[in-house]
Structures are given as structure tokens and as C-alpha cells.
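Remarks on the structure that follows.
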Amino acid sequence: MTAPLLQAQGLARRYALPRTRLLGPAPQLHALRGVDFSLARGRSLGVVGESGSGKSTLARLVMALEPPSAGRVLFDGQDLQALDAAALRRARAGFQMVFQDPFGSLDPRQTVGRIVAEPLAAQAAAAPAGSAFASPRARLDRAAEVLDAVGLRPGDTARYPHEFSGGQRQRIAIARALVTAPRLIVADEPVSALDVSVQAQVLNLMQDLQDRLGLSYLFISHDLAVVDLVSDEVLVLYQGRVVEQGSPEQLFRASAHPYTRALLAAAPRLDAGARRAPPPPQQQPAPPAAAPPADGAGGCDFAPRCPWRRAACLAEAPALRTLAGGLAGPHAAACHRAEDLLSGVPAQAAESTSV
Amino acid sequence: MRPGAAAAAPLLALNDLRVTLPTPRGPAQALRGVSFTLDRGQTLGLIGESGCGKSLTALALMGLLPEGAQLAGSLRLDGRELVGQPEPAWCALRGNRLAMVFQEPMTALNPLHPIGRQIAEPLRLHRGLDARAARAEALRLLERVQLPQAAARLDAYPHQLSGGQRQRVVIAIALACGPDLLVADEPTTALDVTIQREVLDLIGQLVAEDGMALLLISHDLGVMAETVQRTLVMYAGSVVEDGPTDAVFRRLAHPYSRGLFAARPRLGLPRGHRLATIPGRVPALADLPAGCAFAPRCALAEDACRAAPPPPAAVAPGHTAACRRLDALPPPGAAEAAAA
């Protein structure tokens, strides 16, 4: 058993908010509140959650674009925050990122060759003399090679981003991420901006590249079906915490957390007509996802929206714990009633036991 | 029913509607003969990928086409022809009888004005309410779209609301004058999935209560399947399949509809499963092929398909597909069964 490629240990990130009072401390937003996971070589970890759940903060911490407030990110056993600036820059060759918007993430005034080769230029600037990609010519050749690998033409290096469709631009973004031969790709909603048929092409490409190059993916998406397809393991984030963790089969066929179930229930389905009748007016509409509360607010974060809630849930926050039962393999959920969910106790039964 | 409306005329009737857009490479036919009718209380969806003309159809029937666009064919509201109308006539309809909800609620709202004032604007403009009455009506509308603490929020600015709350405000503005037709262009695409569900439920409920017509535009097959009675699948500026939503999704009679459906990732696919893709890419509008626009990407295409555009052919009563090879497409499910 080799060491995992990527490990997050107790990862937390706080942001200071504008002061509301002249004196006294500025309030803080706890964007990420203690996240642990590990990702093996050649495997994919999917991260699911809604806006404000901390998905993108997690990506930025893993990419060492900002330091965690607490906890560590270990890439290949190395604490990224312990590296000095030059060493971190060299280490960046090992992990690269693909962003959501293929229009905003490519500089319109640079040729595709230059865009794709840019990480190499940054590496050459950081490396001691004698880097394999010290010359612009060598970098451009490498750019042509990865463009070929993502299904574009090597000659496309001389063209500009506006000459390409959305799907092709996302291929360019993937080529740029691959150019340093990284072992980890952090992909933040890489197919959300694409049309269905183009999305399928890019997802197939990402899976081919993983098979061919042995890449690991940290794959962030709000789309459960996409995450199900590409992931070996999935984290569900809610307000900065992992509320459920397990294989896609466990999470999407036998989920043990009410939030995961809410996400599944809300996803539009094709079994047409099932919901077309206007819904009965809700007695108690679920409040929209609120900003994470400051520390010290007791109880489960999801309790206000939870149909399985009972008195204990408002008093004590559930810890993420490994579950027995359900489908085989490690499966963890942060819910006092996880066993009830797994054994199929309906939510209504909870209502009678709640306050 | 409004006075003056022809008794038999449907609320909205598009007949062979065409839009030509100026491009650097010359005029491009962006909408190539779209026809449908929509009545009060009915819901209809346009589905398709970027550039298929679904949003352009919506803009055409709101009188909001980009400058230089040419509109041809027929577009009737209660029997009255709107093609060729001067701008003041459109202004009297927009926000009054025709209302639209856009994809991105942050850009649809003015960041400099409180939301109460933005809701009051169409009320003062079209219904001539005074400031006080308009404010009271704005509050009623905010309550109707279930904005929490509506009274306290009248003077809030858009940035003080969440994305879902902003979209509720946009819907309140659209509903202000009791429109006959609500056009919703990707109304939930920018929202989280649980918020999307709430907003779709809200739209469905309001449309049913007020008996308006709903034209929903979406790229999401699931959203479409759950929301509208009738679905039109569009490709390269034309309607390729048209029928009751259940029938369209059950039959997927057009090869493009079938391809779109198969490309969609869905829960429960095994890890590493390769999604079906449609070969090639959407043709540029300026150089569409002479025959069926989908023929270059279609496994079933034959010479006749490439020669002339296919007319709509009946699949079942009330269900058509513009394809010459309807009989050649295996029954739905056969492909999946063979692949499994």
C-alpha cells in the first residue's frame, strides 16, 4: 500500500467579514470547517455540494492558492505550506487545475500555443538552468503534443481562443493543465458550462486521459450524475463540513444523510409527468441555505431543513462517523439518525418523535 | 379572455417564423421556420443546445431581437399580427401581456434600485398606479412569490438577496401586470439544485393559479420533462421534434433527440462508462447544409436527407418529427438494451 497522492488533514479556512461594529472583532465566515480525505494515485474523488458549501475553497486550498487557517494539505507526502516559494512553484508542476468557464479562463489575446505552454514557462522561470523546457521552441512543441492528446490539432497552437467552440476551449484548458505532466488535476465544475453532447465528449476525454496517464482527479461538481460517473469516492459538503463520504453507489443508492437525499430528490428526472402537477403549497418551506453560522452555534447545521430532525439534532452537532450496514465498503455520515435512514425509516416517523 | 380577442384565435401562434441575423460572413438564417401555437393555461418547452434558436425564439416573441435582425413569417397574439409592429406597440405589450424571466437574476435586476421600486415600475407604467398603491401591490407580489420577510425586503437591494431570492423577485416583476404569456429562459440554470426545485415549483404553481401560458426554455431534459405539457426539440434553427412531453421522451423519434438523451450522464451508470456522443459538431448558421441540418452527424442519413430539408412527419397523433428516416430508428430502449 503506497502513500496516497493527496491528503487533507483537518482542513479549515476562515475569511474575515466586514466589521459590523467599530469596536470588537470582525465577524468571520467559516468557509471550510475541518475536512479530511485522502486520494490515491489514478483515482478520482468527487466533491458535491451547493454554492457556499466550501467546494471551491477546498479547491483553492488543495491548489495552494491560499493557505488553510488550520490543517494541512499533503501532496505526495509533502506539506505544501511548509515549502518555500521556489520549491512550491516547482511542486506546482505536479498539480494543475481546470476551471468551469472555458470563455473566462483563457486569455483572448494570446495564442493557444502560448496559453497551453504558460505553466511550462512558469516552471522554466522557477527551475534552475537546464530545464527541459527552457526554450520557447521546446515549450511550443510540448503544447502541440498535449493539444493532440486532447483531440485538437497540433497546428492549433497558432490560433486564438475565439476561433474555438466551448467544448474545444475546455479541451484547451485541459491541455494547459496537462502540459506539465501533473499527477493530480483539480477540476472545478469542468463541464457545467457545456452543452449536453459536448459535456459527454469532455467527460469521455477526461476518463481516457485518466486511464492513459494514471491521473488523479479532484472533481468538483453540483451535478450528481456527473460525479457518479467519474468518481471512485465522493464527499458531500454542507456549510463547510463533510456530511457524507463513501462510494458513489453508497451515496446515491443508499445514502445515510438527509442532505444527500435532499440533493437526490431535487434533481430533475426524466420519468416524465411524475411531478408536473402543481405541488401542494408547503406548510413550512425549507429555508434557503443560510451562511454558515459562527462557531458555537450548537446542533446539526442541516437540522433547520431536515425532515428527519429530532430534539437531539438541535442540541448536539453530529460528528462524521463510519457506518455499519448499508452497502459494502467504508461509508461515513455526520447524522444522528444515519442508521434510521439506512434501514428505511421514513421521515414522517421522525416528525412524531421530534419536539 | 380579454375584450377584442378573436374568439377562436389561440393566445400565441407562430407560423413559419424566421429570423435572419447579420454576421461578418453575411446574413445567417438563425431561425428557419418555427411554428407552434400556445394557449392560456398551456405549458410548452423549447429544448436544444447553444445556438439552436431557442432563446432567439423567445426574444422574437418579446420583440427584443438584436439590432439588424430581420423577422419574417407570422407571430400572432390573440390573432393580432406582431411581425412588423413598431417599437411603441411592443413596449405596450412587454411587461404587460408578455413577461419574461431571464437566466441570471443578478443581471436582470438593476443593482442601484431597491427591489420594491423595480417591481413597482411596470405597475406604474402599464397600470398607472400611484407610488403608494404600487408599493402595496409590490409587497403583495413579493408575498406571492414567497420571499421570506417580504415587508422588510421591499427596500433591500439585489445584492442583499441570495440567488434564489433574486429569481423570486424577477418572477414577481414578471407577474406584476398579470401577463397572458410568461417566457422563462433557463430560469433555474444559475441556481443550486434544491433552489431550482423550489423555483420550478413556484413557477408551476403560479402558472396554474393565473391560467397564463408558459413558454419554458431549457437545455436540461429533466427540467423539461417535469415542467411542461408539450416539448419542442430544436436543432440549428428548426424544430426537429414536437409532441406531448411524455410522448417525446418515451419515443425520442428524431435521431437528434435520441442522441441528446443518450449523451446525458445519469445516476447509476457504472464508473468509467463511456457516454454516447453525437459525432461532429453543430454547424455554423452561416453555412448550413442544403438538406437536413442534422444529416452530417446522423448515422441514418441517406442521399434524400442531404438533398432537401425534411418536412415534419407524423409519429403519432399530435407528435411530429422532421425526419425522413423515422422508420429506420430502432424503438427506444433497444440501443440501451443492446449496449448493456
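If you read the protein sequences in the order shown, they are chains W and F. For the first sequence, our numbering assigns the number 451 to the last residue and increments by one with no breaks. For the second sequence, our numbering assigns the number 1486 to the last residue and increments by one with no breaks. We put the CB at the ideal spot given by N, CA and C, even for glycine.
Could you tell me the distance, in whole angstroms, from the CA atom of residue i to the CA atom of residue j?
i: W/ALA358; j: W/GLY394; result: 22 Å
i: F/CYS1451; j: W/ALA363; result: 37 Å
i: F/ILE1265; j: W/ARG238; result: 56 Å
i: F/VAL1385; j: W/GLU214; result: 43 Å
i: F/GLY1426; j: F/VAL1461; result: 27 Å
i: F/LEU1475; j: F/ASN1242; result: 45 Å
i: F/LEU1360; j: W/ILE270; result: 39 Å
i: F/ARG1270; j: W/ARG365; result: 41 Å
i: W/ALA386; j: F/PRO1401; result: Note on W/ALA386: pLDDT 44, under 50, position unreliable in the model; the coordinate value appears next. Those two C-alpha atoms are separated by around 44 Å.
i: W/SER149; j: W/SER343; result: 20 Å
i: W/PRO377; j: F/SER1220; result: No answer about W/PRO377 holds up, because its pLDDT of 41 lies below 50 and its placement is not dependable.
i: F/VAL1353; j: F/ALA1282; result: 22 Å
i: W/PRO442; j: W/HIS427; result: 21 Å
i: F/PRO1257; j: F/TYR1303; result: 7 Å
i: W/LYS151; j: F/ARG1470; result: 47 Å
i: W/LEU101; j: W/LEU280; result: 8 Å
i: F/GLN1231; j: F/SER1181; result: 19 Å
i: W/THR356; j: W/GLU340; result: 8 Å
i: F/LEU1107; j: F/LEU1158; result: Because chain F here runs from 1147 to 1486, residue 1107 of chain F falls outside it and cannot be looked at.
i: F/TYR1381; j: F/PRO1251; result: 27 Å
Count the other CB atoms, across all protein chains shown, that sit within 10 Å of the CB of residue i; report buried if there are 16 or more and exposed otherwise.
i: F/CYS1237; result: exposed
i: W/GLU329; result: buried
i: F/HIS1259; result: exposed
i: W/ASP462; result: Nothing about residue 462 of chain W can be reported from this structure: the residues present for chain W run from 97 to 451 only.
i: F/LEU1466; result: In the sequence under discussion, the amino acid at residue 1466 of chain F is Thr, which differs from the Leu named in the question. The residue is buried, with at least 16 neighbouring Cβ atoms inside 10 Å.
i: W/LEU118; result: exposed
i: W/GLU162; result: exposed
i: F/GLY1464; result: exposed
i: W/GLY421; result: exposed
i: F/HIS1536; result: For residue 1536 of chain F there is no data in the structure shown, the boundaries of chain F being 1147 and 1486.
i: W/SER231; result: exposed
i: F/ALA1430; result: exposed
i: W/HIS258; result: exposed
i: F/ALA1399; result: buried
i: W/LEU437; result: buried
i: F/GLY1350; result: buried
i: W/ARG433; result: buried
i: W/ALA429; result: buried
i: F/PRO1456; result: buried
Any beta carbon from chain F within less than 7 Å of residue i's own beta carbon?
i: W/PHE348; result: yes
i: W/ALA358; result: yes
i: W/LEU311; result: no
i: W/ASP197; result: no
i: W/SER317; result: no
i: W/ASP291; result: yes
i: W/LEU366; result: yes
i: W/GLN174; result: no
i: W/GLN192; result: no
i: W/VAL332; result: no
i: W/SER147; result: yes
i: W/GLN341; result: no
i: W/VAL441; result: no
i: W/VAL282; result: no
i: W/GLN266; result: no
I'd like to know whether the C-beta of residue i is nearer than 7 Å to at least one C-beta of chain W.
i: F/ALA1430; result: no
i: F/SER1196; result: yes
i: F/GLY1418; result: yes
i: F/THR1423; result: yes
i: F/ALA1511; result: No information on residue 1511 of chain F is available, as it lies outside the stretch 1147 to 1486 that chain F covers here.
i: F/VAL1415; result: According to the sequence shown, residue 1415 of chain F is Leu rather than Val. Closer than 7 Å: yes.
i: F/PHE1395; result: yes
i: F/THR1466; result: no
i: F/LEU1406; result: yes
Chain-ordered residues of the stretch 133-145 of chain W with a beta carbon less than 8 Å from chain F: none
Selection of the stretch 1430-1445 of chain F by Cβ proximity to chain W, strictly under 8 Å: none
Contained beta strand (DSSP E) runs [length at least 3] in the stretch 163-245 of chain W, N- to C-terminal order: 166-171, 191-194
Residues of the stretch 1360-1372 of chain F with Cβ closer than 7 Å to any Cβ of chain W, in chain order: HIS1365, ASP1366, LEU1367, GLY1368, VAL1369, ALA1371, GLU1372
Unbroken stretches of the alpha helix (DSSP H), 4 residues or longer, contained in the stretch 1320-1371 of chain F: 1339-1356
Uninterrupted beta strand (DSSP E) stretches inside the stretch 289-324 of chain W (no shorter than 3 residues): 312-316
Continuous alpha helix (DSSP H) assignments of at least 4 residues falling wholly in the stretch 1410-1471 of chain F: 1449-1453
Chain-ordered residues of the stretch 1218-1232 of chain F with a beta carbon less than 8 Å from chain W: none
Near-chain W residues of the stretch 1328-1340 of chain F - C-beta to any C-beta below 7 Å: ASP1338, VAL1339, THR1340
Chain W contacts made by the stretch 1168-1184 of chain F, where a contact means CB separation under 7 Å: none
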